[in-house]
Structure formats: C-alpha cells, structure tokens
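Note sheet for the following structure.
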Amino acid sequence: MKISVVGTGYVGLVSGVCLAELGHTVICVDVDTAKVDQINRGDSPIYEQGLDELLQKNLGTRLTATTDLERAVHETELSMIAVGTPFDGRAIDLSFVRQAAEMIGDALKTKSAYHVVVVKSTVIPGTTDSVVTPALENASGKKAGADFGVGMNPEFLREGDAVADFMRPDRIVLGACDSRSHGVMRQLYEPFTSANILSTNSRTAEMIKYTANSLLATLISFSNEIGNLCKKSGEVDVAEVMKGVHLDKRLSPIGENGRRIVPAITTFIEAGCGFGGSCFPKDVKALIAYGQSLGESMSLLDAVIRINREQPGQIIAMLKKHFHSLQGVSVAILGLAFKPETDDMRESPAIPVIHTLVEQGARIHAFDPVARNEAKKLFGDAITYAETLEDALADSSAVAILTRWDAFKRLPRLVQAMHPQPLVIDGRRMLDKKDFDRYEGIGMGERSL
Ligand code: UDX
Numbered sequence: 001m002k003i004s005v006v007g008t009g010y011v012g013l014v015s016g017v018c019l020a021e022l023g024h025t026v027i028c029v030d031v032d033t034a035k036v037d038q039i040n041r042g043d044s045p046i047y048e049q050g051l052d053e054l055l056q057k058n059l060g061t062r063l064t065a066t067t068d069l070e071r072a073v074h075e076t077e078l079s080m081i082a083v084g085t086p087f088d089g090r091a092i093d094l095s096f097v098r099q100a101a102e103m104i105g106d107a108l109k110t111k112s113a114y115h116v117v118v119v120k121s122t123v124i125p126g127t128t129d130s131v132v133t134p135a136l137e138n139a140s141g142k143k144a145g146a147d148f149g150v151g152m153n154p155e156f157l158r159e160g161d162a163v164a165d166f167m168r169p170d171r172i173v174l175g176a177c178d179s180r181s182h183g184v185m186r187q188l189y190e191p192f193t194s195a196n197i198l199s200t201n202s203r204t205a206e207m208i209k210y211t212a213n214s215l216l217a218t219l220i221s222f223s224n225e226i227g228n229l230c231k232k233s234g235e236v237d238v239a240e241v242m243k244g245v246h247l248d249k250r251l252s253p254i255g256e257n258g259r260r261i262v263p264a265i266t267t268f269i270e271a272g273c274g275f276g277g278s279c280f281p282k283d284v285k286a287l288i289a290y291g292q293s294l295g296e297s298m299s300l301l302d303a304v305i306r307i308n309r310e311q312p313g314q315i316i317a318m319l320k321k322h323f324h325s326l327q328g329v330s331v332a333i334l335g336l337a338f339k340p341e342t343d344d345m346r347e348s349p350a351i352p353v354i355h356t357l358v359e360q361g362a363r364i365h366a367f368d369p370v371a372r373n374e375a376k377k378l379f380g381d382a383i384t385y386a387e388t389l390e391d392a393l394a395d396s397s398a399v400a401i402l403t404r405w406d407a408f409k410r411l412p413r414l415v416q417a418m419h420p421q422p423l424v425i426d427g428r429r430m431l432d433k434k435d436f437d438r439y440e441g442i443g444m445g446e447r448s449l
C-alpha cells in the first residue's frame, strides 16, 4: 500500500518507519524542514531502540520524507494523522489535528481516486466524527463515506519499546465510518496474520485507547495505595500481597496443565513512587475532563491522579523517618527519567521529590545513566549531577532510587563498601532489604523479613 503519515513526531515516525518495514511505501510529511531533512539523511530526530536501523534500511526505497503534503496525499491511498495533541490542564488541544485534516481535505479537492484518512493521534471520543470528518468535508467539498473514507486507529506503543510493540502488536483496533474504510485499513496490517484485530466505530476506538491507559494507571495507583497501607501495617510487603492477589484465576487464568496462561499482570501493577511520562498522566486527565464535560464525576480516575500526585511524598516521608531535619543532608538521587531506558523526564516522580528536598535544604547529588542533560534544564544549579553511580554515592547519608535502571543493581556491593552505610530508600522495590544495614522500601512494612 502507499501511505502518507502526517506528523513525524514520536508516533508518526515510528509508525511510518515500521509500516515501510512491513512492505508499504511510506511518505512521511512534516511542516518542519529541518526534521524532514534529518529523516532524509537517515538520522532519526528521536531516539527509539531499533528505529535508526529500520529508517536507514527503508530510506529511499520504501520511505521518504517531505514537506509537500499535497503531493503526498496525491501519491498515496491512505493518510495517517499523527500530530500532537497537547494537554493544557483542561482539555487536549486539537488544533494540530484540525489543521492536518484541513490540509488533507484541501489536497483531496483535486484527487479523484478513493482515499482513506486515518487518525492515529490520541483524541477524545467523538473527535474523528465531529472534528476531523467535518474539516475534511469542508476543505474538500466531498462527502465522507462516499467520496473518501475516514477511520481511527490508536497506537499502543511504549516509549523505549515502540518499534518492538509496533512489529509485534497484542491488538490492532480499527475504527471506521464504513466497511470500505475498514477494508482499506485492514490492508495496513495484513502481514500481522495472528494479531487480534478489533473492528469497530471511530468513537469506540478512541475510547479504547483512553480506557487502556486509564486502567493501567489505575492498577498502579491501586498498588500504591495498598502499598502505603502495607508500609504502615508492619510485617506486610505489598509485593507479596499482590502476588497472592494475582494468583486468582480470574486475574491470571490457569491452563489445563495447572499453570498460569497469562503472565500475571503483577508485572504491571508494581507499587513504586508513581507513574509519569507523556501518556498516563495526560490521558487520564483528558478522560476525566471529557467525562466531566458530559456531567460524569469521574471520581475513580480523579483519585488515581490524586494518589499519583501524592505518591512521590512517600520518598520524603521515608527519609524523614530517619532524619530529624533534611537541612544539609546529602542525598543521592538515583534515576531521573520517568522510567528506565529513556532520557524523558516528563512528569517524572523525580521532579517533585527533588523540588521538595531542595526546598527543605537537602544537598542533592543526582545520577541517571542518560537523563542528565534533561535534568539540567529543569534543576540548573540547584543540584549537582554525578557522572557515575560511585560518584553519586560518595559522602551520601541517604540514597533514593526513583527509576528502575538495571545499572542500580550494583548498589548493594557499592553501599556495603561504605562506612557508615547510607540509608537506602528503594522507590521502585528493585533491591533486597537483606543487603543493606538501613533500608526502606515502598510498600514494605516496618518489620518485614
Ligand atoms: C504507556 C503504556 O504502557 C502504553 O501502552 C501507551 O501506548 C503509552 O503509555 P509509557 O508511557 O511508555 O507507555 O510507559 P510505561 O512503561 O507504561 O510506564 C509508565 C509509568 O508507570 C512509568 O513512570 C513507570 O515507572 C510507571 N509504572 C509502570 C509503575 O509505577 N509500576 C508499574 O508496574 C509499571
């Protein structure tokens, strides 16, 4: 198939490159000339594992980039809208989506062959039908469902694993206004013969995307609330509690051989210092705003956000149990990114933790294997930045792990060599209490073994 992908941000570029790898001919379109040139040089503007290799492999043959949207629409059968939908605290901003739809509609005016326009951006339910379709119709003077097709196909890509997630999808959701559009969209993913494909209308596809992220965020806040309770209960460990809970066959079904079929969702329900990133906080808040605009209270999701906002406070509370005042206390912060394998600090729990510690007079020496430059933009000279894990630990009275980086598994050996040992606060429950003289873990009650 011939496809144009409008917007070469994170979702657009990963989708474009992966669709080319699947055998389609892809034209990536962006208004930013510098970005387009960079892509055409085989240099990805974003870092994502495996992306550069696939970009270079397909460039010039099945993949090109351009600023000429009209030509791209004319030369392809399907256009995918993958532009940003920033959240301003009240609602998502749809101006880029609307603008992309208008420009595609403009190009459709002079195109006689049938074309399908697919929304890939995360948008609130109803956007494809009541914003994108009218914009396309007005600009083109043509009728959706008759002269051209419209659909919605959400992405479920995890940052850092986006290429792998695209190439091995656990589900493909196709929302469309009619069966012809569905048929064309289905061809996009023909190579995925064994993937679960759910065909529905656009509004449902939009709702699935928000609901999926909201459920995962809810599970995390649920674990965090239970973990905070376990911490106060004494001799109770949230990790063990969740293991016991998830042995329920309704959560992790047992196969005929007596073993669990589904790898337990415990892998995605770990208590920690809170969720961050560009998706969970934004998507949950956008769904709350959408629900409230329709008169729903959205009280469960409201609580999910509130718990998550308060969760970094657990790190401060654990420190305060051991230090009467944090004034002048030297704290090594390990992990700044919102999750491992990325330098992305958006909504990272490290941000409120560091701000509070600085306010309370602690001396922060921070280390992250890749997020140092991002952190410098946020904290400037208010903290110091370590080059290595060893450097971060030097002279520290306390160490707080905020991101589950594999590199921190070396911590026991390094801490054991220190006299006296610093207090270790494990915000991601990745280490063993037994390895340290003084250890505090999220969700781990006082006297736990
Ligand atoms: C998420 C969804 O997983 C993905 O399906 C969607 O398309 C985009 O949003 P991503 O934001 O890349 O992906 O990160 P993810 O790995 O899901 O982690 C999100 C946050 O939750 C991180 O801050 C992480 O530390 C936290 N988290 C994750 C927990 O606190 N506990 C867990 O058990 C898992």
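Here the sequence shown stands for residues 1 to 449, numbered as in full-length UniProt numbering.
Backbone N, C-alpha and C fix where the C-beta goes; we use that ideal spot for every residue, glycine too.
Just so it is clear, the structure is predicted and the values come from calculations on it, not from any experiment.
Residues near residue i in its chain [Cβ-Cβ closer than 7 Å; skip 5 each side]
i: V36; result: D30, A65, T66, T67
i: A212; result: F156
i: M318; result: I425, E440
i: T76; result: K2, I3, S4, I27
i: S396; result: S330, V331, A332, H365, P422
Own chain, CB closer than 8 Å to residue i, minus 5 neighbours either side, in chain order
i: A195; result: P169, D170, R171, I172, Y189
i: L418; result: The sequence shown places Met at residue 418, rather than the Leu named in the question. Hits under 8 Å: L393.
i: L78; result: M1, K2, I3, S4, H115, V116, V117, V118, V184, M185, L188
i: E240; result: none
i: N153; result: M80, V118, V119, K120, I172, V173, L174, G175, M185, L188, A205
i: D165; result: F156, L157, R158
Collapsed DSSP secondary structure at residue i in the structure displayed
i: T73; result: As written in the sequence, residue 73 is Val, which differs from the Thr given in the question. Reduced to three states, the DSSP call for V73 is helix.
i: Y189; result: coil
i: Y210; result: helix
i: residue 450; result: There is no way to answer for residue 450, as the model of the chain reaches only from 1 to 449.
i: Y114; result: coil
i: G16; result: helix
i: L449; result: Summary for L449: the model assigns pLDDT 44, below 50, so the residue's position carries little reliability; its value from the coordinates is reported in the next sentence. It is coil, neither helix nor strand.
i: V238; result: helix
i: I265; result: Here the model assigns I265 a pLDDT of 47, short of 50, so the residue's position is not dependable and the matter cannot be decided.
i: T8; result: coil
i: R372; result: helix
i: S121; result: coil
i: K243; result: helix
i: T128; result: helix
i: G23; result: coil
i: residue 514; result: Lying outside 1 to 449, the shown extent of the chain, residue 514 is not represented and no answer is given.
i: A91; result: coil
i: I46; result: coil
i: E102; result: helix
Chain-order list of residues whose beta-carbon lies under 6 Å from that of residue i (same chain, five-residue window excluded)
i: S233; result: G445
i: G50; result: V163
Supposed close pair residue i, residue j - CB separation, criterion 8 Å
i: E159; j: G277; result: 7 Å
i: G227; j: N201; result: About 39 Å separates the two Cβ atoms, so there is no contact after all.
i: K231; j: T122; result: Not confirmed; about 34 Å, so no contact.
i: I401; j: L336; result: Contact flag wrong, Cβ pair sits at about 11 Å.
i: D406; j: E374; result: Between E374 and D406 the Cβ distance is about 19 Å, and since that is not below 8 Å, they are no contact.
i: H322; j: L423; result: 5 Å
Next on the checklist: Under 8 Å, with one C-beta from each stretch per pair, do the region 211-228 and the region 306-316 reach the 3-pair mark?
Outcome noted: yes
Item to check | Touch test, the region 243-254 against the region 315-335, Cβ-Cβ under 8 Å, three pairs minimum | outcome: no
Checklist entry - Counting pairs of Cβ atoms below 8 Å between the region 91-111 and the region 132-140, do you hit three or more? => result yes
Checklist entry - Below 8 Å, can you find three or more Cβ-Cβ pairs linking the region 326-335 to the region 293-310? => result no
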